[in-house]
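Participant: Everything in the sequence shown is counted per this note's numbering, starting at 2 for the first residue and increasing by one.
Mind having a look at this structure? Questions to follow.
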Amino acid sequence: MFRRISNFAVACAMVLTLGLTTAFAATKTTTIRVTGMKCNQCSSSVAKALKATAGVQEAEVSFEKGQVVITYDDEKVTEAKLREVINSTGFKVAE
Ligand SMILES: [Cu+2]
Numbered sequence: 002m003f004r005r006i007s008n009f010a011v012a013c014a015m016v017l018t019l020g021l022t023t024a025f026a027a028t029k030t031t032t033i034r035v036t037g038m039k040c041n042q043c044s045s046s047v048a049k050a051l052k053a054t055a056g057v058q059e060a061e062v063s064f065e066k067g068q069v070v071i072t073y074d075d076e077k078v079t080e081a082k083l084r085e086v087i088n089s090t091g092f093k094v095a096e
């Protein structure tokens, strides 16, 4: 009996989680390769430009890996726009 109740609780929690995931369905994460970054200052200027862009929630820039991981709201900004922002910093998006 108790087991049944706790299974029900788990099921409720799953439904809740699924509901929340749907509510944030507009949030996307993308990884973009960027060339030309040589140090922390390079990566922070790319991060700064991205974070100043409407719709960007998170921008993790690694000059060592030469990549940018961006979490964004795809209703507010497109990946093409994010590439444009990166290119405008002077570093180049690798195709
Ligand atoms: Cu640098």
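Just so you know, even glycine gets a beta-carbon here, dropped at the ideal spot from N, CA and C.
Given the structure is predicted, the values throughout are model-derived calculations rather than measurements.
1) I need the DSSP call for V78, collapsed to helix, strand or coil.
2) Here's a check: name, in chain order, each residue in its chain whose Cβ is nearer than 6 Å to the Cβ of T30, leaving out the five neighbours to either side.
3) Taking 6 Å as the limit, name every residue whose beta carbon sits nearer than that to some heavy atom of ligand 1, in sequence order.
4) So G56 and V78 are in contact, right, with Cβ under 8 Å, and what is the actual spacing, rounded?
5) Between which two residues does the alpha helix (DSSP H) carrying K29 extend?
6) Can you look up K66 in the DSSP assignment and give me helix, strand or coil?
7) Could you check the C-alpha separation between V94 and E76 for me, to the nearest Å?
Facilitator: Let me spell this out:
1) coil
2) T72
3) K39, C40, Q42 and C43
4) 3 Å
5) Note, K29: premise wrong, no alpha helix (DSSP H); beta strand (DSSP E) at T28 to T36.
6) coil
7) 22 Å
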